[in-house]
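**Q**
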Amino acid sequence: MKKVVLGLLTATLALTLAACGNDKKDAGKDFSIKDRYELDEKTPAWKLDKKKETTELTWYINADWKMTPFGTDATTKKIKEDLNIDVKFVTGDDAKLNALISSGDLPDIVTLMKKDSPAGNKADKWAYSLNDLAEKYDPYLNTVVTKDTFNWFALEDGKTYGYPNYSNTQKDYDNNVIPANDAFVIRKDVYEKLGKPSIQTPEDFQKVMNDIKKEYPKLTPFGFPPVKEEGGPFERILQDFIGVPLETKDGKFNERSLDPEYKEWLQAINKVYQDGNITDDSFTDDGDTYKGKLKNGDYAIVFANGFNGSVGEFQDFKNKGESEYMAIDGPKSTSGREIMLNQTGISGWLVNYVSKNAKDPAKATQLFTYLISEEGQILTKFGVEGETFKYNADKKVEILPEVKELEKTNPEEYRKKYGLSAFNFFNNDRMNLLKEPEDSAVTQMQAWGKGKLSPHFIIENTTPESGSKEARSETAIKTKYDTAVISLIRSKTDADFEKTYKDYVDFTEKNNIEEINKAKTDIMKSNKEKLGIKD
């Protein structure tokens, strides 16, 4: 039902944008910086601006988030002082965004949850292009943006309207800027007791699970994070482990869910379930229950997608001194395909815009420049030098001991006082290279993942156009797939497995999977052009 409501909201928003997009107010049409500063390509405009009164900016975030008041923590207090601004946050959902766009009353700055939303695709109707803002108010902006990211976000008119956080480029992947976040992890004591076994083939995977049940009857042989409405780690992430291609040999979008080797591995996992080595509780456990089991070391092996988000739980188990979790090579392609784990792509996460309602588009542009620059990145990631961090002899960032201690003993007070990594609207992973590496319970897991990441840029945002027949069919297939994967794993017999699989394949055919993938292929080709990839 939630997906139906979301679809209706999305369709309504798309119609609203189409109907009244060209009638938006342009509050900055006659705006001038003539008496405030002169443009300088080598100096950020916030350092030149002579405006004395504080500029109040309203920032809309299209999510139901609780925001710390601006200027009350060390991070935003510094932003407030440097730019002479105050920020009022407003939050909402698609319905509220729809109303704001319809009325022409958008706040100064708008943050959307993803690039290919209806509002994002029509941003030229309600937002300024960053190209124009840089030309008019702050050419230094052009020197701090990442060019590949900037080009990726360009709309059909060739201009870029939104800029994201956590947008990773090919260079970031090549330089190991991004840590792996998915792995098969095993308790070290179990791994050594069993003779450091391999789980890389379906047969070995099943055997090891049975060996665990025999040697460690009190442990759950195989666990995984909550599957929620989707198939958890058993969809894209399992496909990545066994190297299911993103495209066919002739350059078309590849329907990865129908890959024969992927089916083979789902059958292997189903065998593990039939053998009693996956509990039914694992499919209904919520996040707290899963994390509690990690803390206690209840799982022998965990398909730990998103393991960086569970560092506390892995650390708690390690601190008990009984054992620790470590990453090992997981399921592998039976035909020799290479592992191709993914991480955050070039589309990033949040996307930020300056609306045409901005009362002071110059100051809003200065804020974008500031936050995207290295100076702003260091501030929002590590805080204020001398107050929250210092540079060591190797010129690496070290968080001060008292700051670390507060984070450990009183996380809520730590967040309110310092705001480190909380004001992350423009953050990126490159800043991790500036910090002195710290050992943690996931350090070995991250090290295991080096060289195993492969960007999936070409298939980002390949969802067919909102409201189209293909988009509706894709939603139906995705919903069917999410339930089918779990049903396949929980099949009581091999015959049940085959029946469920056939039902899914038939469903994709009835819902015109070929037409959907033709539309995706067209988008994929456009993505390749933006990335400079030639077939």
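Note that the sequence shown covers residues -21 to -1, 1 to 514 in mature numbering (1 follows the signal peptide of the UniProt record, and there is no 0).
Backbone N, C-alpha and C fix where the C-beta goes; we use that ideal spot for every residue, glycine too.
Remember, predicted model here, so these are calculated numbers, not experimental data.
(1) Which residues in the same chain have their Cβ closer than 6 Å to the Cβ of residue 341, if we skip the five residues on either side of it in sequence?
(2) Could you tell me which of 30, 110, 468 and 81 sits nearest to residue 348, measuring between CA atoms?
(3) Could you give the distance in angstroms between the alpha-carbon of residue 448 and the alpha-carbon of residue 63?
(4) With 16 as the cutoff for other CB atoms within 10 Å, does residue 511 come out buried or exposed?
(5) Give me, in chain order, the residues of the same chain whose beta-carbon lies closer than 7 Å to that of residue 387; leave out the 5 immediate sequence neighbours on both sides.
(6) Measuring straight from C-alpha to C-alpha, what distance separates residue 397 and residue 430?
(7) For residue 244, report the span of its alpha helix (DSSP H) as first-last.
(8) Could you pull the start and end residues of the beta strand (DSSP E) that residue 275 belongs to?
(9) Buried or exposed: which applies to residue 101, given that a residue is buried once 16 or more other Cβ atoms fall within 10 Å of its Cβ?
(10) If we call anything under 8 Å between Cβ atoms a contact, is residue 330 one with residue 343?
(11) Which same chain residues end up closer than 7 Å to residue 166 when comparing Cβ atoms and leaving out the 5 residues on each side of it in sequence?
(12) Over the uninterrupted alpha helix (DSSP H) stretch that includes residue 39, give me the two end residues.
(13) Among the candidates 236, 249, 127 and 128, whose CA atom is the shortest distance from the CA of residue 473?
(14) Check each candidate in 475, 460, 452 and 471 and name the one with the smallest Cα separation from residue 495.
(15) Is the segment 401 to 409 in contact with the segment 147 to 161, if contact means three or more CB pairs nearer than 8 Å?
(16) Tell me whether residue 331 sits in a helix, a strand or coil according to DSSP, three-state version.
(17) Would the beta-carbon of residue 69 fall within 8 Å of that of residue 86?
(18) Scan the segment 297 to 379 and note each continuous beta strand (DSSP E) run of 3 residues or more that stays entirely inside, going in chain order.
(19) Hey, how far is the Cα of residue 481 from the Cα of residue 352?
(20) Do the CB positions of residue 240 and residue 221 come within less than 8 Å of each other?
(21) On the CB-based measure, 16 or more other CB atoms within 10 Å of its CB, does residue 439 come out buried or exposed?
(22) When you compare only the Cα positions, how much space is there between residue 393 and residue 291?
(23) Can you list, in chain order, the residues of its chain whose CB lies under 7 Å from that of residue 169, leaving out five sequence neighbours each side?
(24) Verify whether the separation of the beta carbon atoms of residue 286 and residue 187 is less than 8 Å.
(25) Could you tell me whether the Cβ atoms of residue 273 and residue 468 are closer together than 8 Å?
(26) Which same chain residues, not among the five before or five after residue 400, have their C-beta less than 8 Å away from its C-beta?
(27) Would you be able to state if there are at least three C-beta pairs under 8 Å between the segment 117 to 128 and the segment 73 to 90?
(28) Determine the extent of the beta strand (DSSP E) in which residue 68 is found, giving its start and end residues.
(29) Which residues bound the beta strand (DSSP E) around residue 278?
(30) Tell me where the alpha helix (DSSP H) around residue 166 begins and ends.
(31) I need the straight-line Cα distance from residue 200 to residue 313, nearest angstrom please.
(32) With a cut-off of 8 Å, do at least 3 Cβ pairs link the segment 372 to 392 to the segment 263 to 270?
(33) Pick helix, strand or coil for residue 221, following the three-state DSSP scheme.
(34) Note down, in chain order, each residue of its chain lying with its Cβ closer than 7 Å to the Cβ of residue 95, except the 5 sequence neighbours on either side.
(35) Can you tell me whether DSSP reads residue 202 as helix, strand or coil?
(36) CB-CB under 7 Å to residue 465, same chain, minus the five flanking residues each way: which ones, in chain order?
**A** Based on what the coordinates show:
(1) Same-chain partners within the cutoff: 12 and 116.
(2) Residue nearest to residue 348 within the set 30, 110, 468 and 81 is 110 (criterion: CA-CA distance).
(3) Residue 448 and residue 63: Cα-Cα distance of roughly 49 Å.
(4) Residue 511 comes out exposed.
(5) Hits under 7 Å: none found.
(6) Note on geometry: alpha-carbon atoms of residue 397 and residue 430 lie some 34 Å from one another.
(7) It spans 239 to 253 - the alpha helix (DSSP H) in which residue 244 sits, taken as one unbroken run.
(8) If you look at residue 275, you'll find it isn't in any beta strand (DSSP E); it sits in the alpha helix (DSSP H) that goes 266 to 275.
(9) Counting the other CB atoms within 10 Å of its CB gives residue 101 a total of 16 or more, which places it among the buried residues.
(10) In this structure, residue 343 does not lie closer than 8 Å to residue 330 by Cβ.
(11) Sequence-distant Cβ neighbours of residue 166 in its own chain, meaning closer than 7 Å and more than five residues away, are 276, 279, 302 and 304.
(12) For residue 39, there is no enclosing alpha helix (DSSP H); the residue is found in the beta strand (DSSP E) stretching over 34 to 40.
(13) Of 236, 249, 127 and 128, the residue nearest in Cα terms is 249.
(14) Looking at the Cα atoms, 452 is the closest of the given residues.
(15) Yes: at least three Cβ pairs fall under 8 Å.
(16) Residue 331 falls in the strand class under three-state DSSP.
(17) Their beta carbons are under 8 Å apart, which means residue 69 touches residue 86 by this criterion.
(18) At a cut-off of 3 residues, the continuous stretches assigned as beta strand (DSSP E) that sit fully inside the segment 297 to 379 are 304 to 307, 330 to 333, 368 to 370 and 376 to 378.
(19) C-alpha separation (whole angstroms): 52 Å.
(20) A contact, by the Cβ cut-off of 8 Å.
(21) Buried, by the Cβ-count rule.
(22) In a straight line, the C-alpha of residue 393 is about 16 Å away from that of residue 291.
(23) Counting only Cβ-Cβ distances below 7 Å, and skipping sequence neighbours, we find 191, 195 and 279.
(24) Going by C-beta atoms, residue 286 is not nearer than 8 Å to residue 187.
(25) Not a contact, by the Cβ cut-off of 8 Å.
(26) Closer than 8 Å at Cβ, skipping near neighbours: 359, 360 and 406.
(27) Contact fails: fewer than three Cβ-Cβ distances are below 8 Å.
(28) First-last of the beta strand (DSSP E) with residue 68: 64 to 70.
(29) Note, residue 278: beta strand (DSSP E), 278 to 284.
(30) Counted as a single uninterrupted DSSP element, the stretch harbouring residue 166 is not any alpha helix (DSSP H) but the beta strand (DSSP E) occupying residues 161 to 166.
(31) Each residue's Cα considered, the two are about 23 Å apart.
(32) Touching, no.
(33) Correct three-state label for residue 221: coil.
(34) So the list reads 440 and 442, once near-sequence residues are dropped.
(35) Of the three classes helix, strand and coil, the one that applies to residue 202 here is strand, per DSSP.
(36) Only 206, 210 and 262 meet the Cβ criterion.
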